[in-house]
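A.B. asks:
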Amino acid sequence: MSNNPAVTIPTVKRRLISMVYETLLGFAVLFLPFLIFEVAVHGNHTPTLEHMRQALAFLVLGAYFIHQWSRDGQTLAMKTWRLKVVRPGHNHLSLQAAAVRYLLSWMWVLPALLVSLVLDLHKWQALGAVGAGILLWSLTAFLDQDRQFLHDKLTGTRLVQLPPLEKKKKTVPAV
0 MSNNPAVTIP
10 TVKRRLISMV
20 YETLLGFAVL
30 FLPFLIFEVA
40 VHGNHTPTLE
50 HMRQALAFLV
60 LGAYFIHQWS
70 RDGQTLAMKT
80 WRLKVVRPGH
90 NHLSLQAAAV
100 RYLLSWMWVL
110 PALLVSLVLD
120 LHKWQALGAV
130 GAGILLWSLT
140 AFLDQDRQFL
150 HDKLTGTRLV
160 QLPPLEKKKK
170 TVPAV
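Quick note on numbering: the sequence shown equals residues 0 to 174 in numbering that gives the first Met the number 0.
1) Would you call residue 51 buried or exposed, if buried means 16 or more other Cβ atoms sit within 10 Å of its Cβ?
2) Could you say which of 54, 22, 6 and 7 lies nearest to residue 107 if we only look at CA atoms?
3) Any chance the segment 125 to 133 sits against the segment 45 to 63, with 3 or more Cβ pairs inside 8 Å?
4) What residues match up with residue 81 in a beta bridge as DSSP calls it?
5) For residue 192, write down the residues that DSSP places opposite it in a beta bridge.
6) Out of curiosity, what's the CA-to-CA distance linking residue 169 and residue 8?
7) Taking the alpha-carbon of residue 92 as reference, which of 110, 67, 81 and 103 has the nearest alpha-carbon?
8) Taking buried to mean at least 16 other C-beta atoms within 10 Å of its own C-beta, is residue 158 buried or exposed?
9) How long is the line joining the alpha carbons of residue 34 and residue 83, rounded to whole angstroms?
10) Per DSSP, which one or two residues make a beta bridge with residue 139?
11) What residue does the beta strand (DSSP E) around residue 157 start on, and which one ends it?
12) With H, G and I counted as helix, E and B as strand and the rest as coil, what does DSSP make of residue 22?
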């Protein structure tokens with residue numbers, strides 16, 4: 000597909016900026032489920048409840064991404080940055096392909112989370128490990144000639160950049 004002039008491959012920078020926006024929108028997606036959860040558990044914090052919070056975040060974000068990717072290949076952040084996830088030779092991503100992509104996308108942070116757990120890192124150190132993991136994973140794009148991230152390569156999906164929207168001309172009513 001890299002030799003197809005109709006397909007524009009977005010820059011790694013554009014995709015990373017879109018991911019920052021996606022992270023902000025993720026907080027909005029999680030707000031209501033977390034509010035309901037916190038009210039239900041009266042704001043208690045036990046190890047079991049912490050694991051339940053993490054599972055809730057994983058499931059809610061999974062439902063959001065899988066639904067959006069399988070529906071039209073774009074989340075809100077991807078629409079803003081005119082990015083679309085596609086599977087060459089298919090009209091859209093199946094639920095299964097979207098679910099596999101979601102699971103593999105956790106490779107952005109999972110290794111760093113495991114390192115944080117093993118090394119008993121907390122707060123800023125753990126956040127630094129996650130940041131380093133994200134930076135390292137983003138470098139996987141440079142292993143592919145089309146600059147696709149490893150999780151896309153493994154799932155057979157790819158991100159493409161959509162053309163700019165045509166601006167509508169304003170008509171001025173005659174006086």
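Don't be surprised by glycine CBs; every beta carbon is placed ideally from N, CA and C.
C.D. replies: Working from what's here:
1) exposed
2) 22
3) no
4) DSSP output for residue 81 lists no bridge partner at all.
5) Outside the shown range of the chain, which is 0 to 174, sits residue 192, and nothing can be said about it.
6) 32 Å
7) 67
8) buried
9) 31 Å
10) Per DSSP, none; premise fails for residue 139.
11) 157 to 160
12) helix
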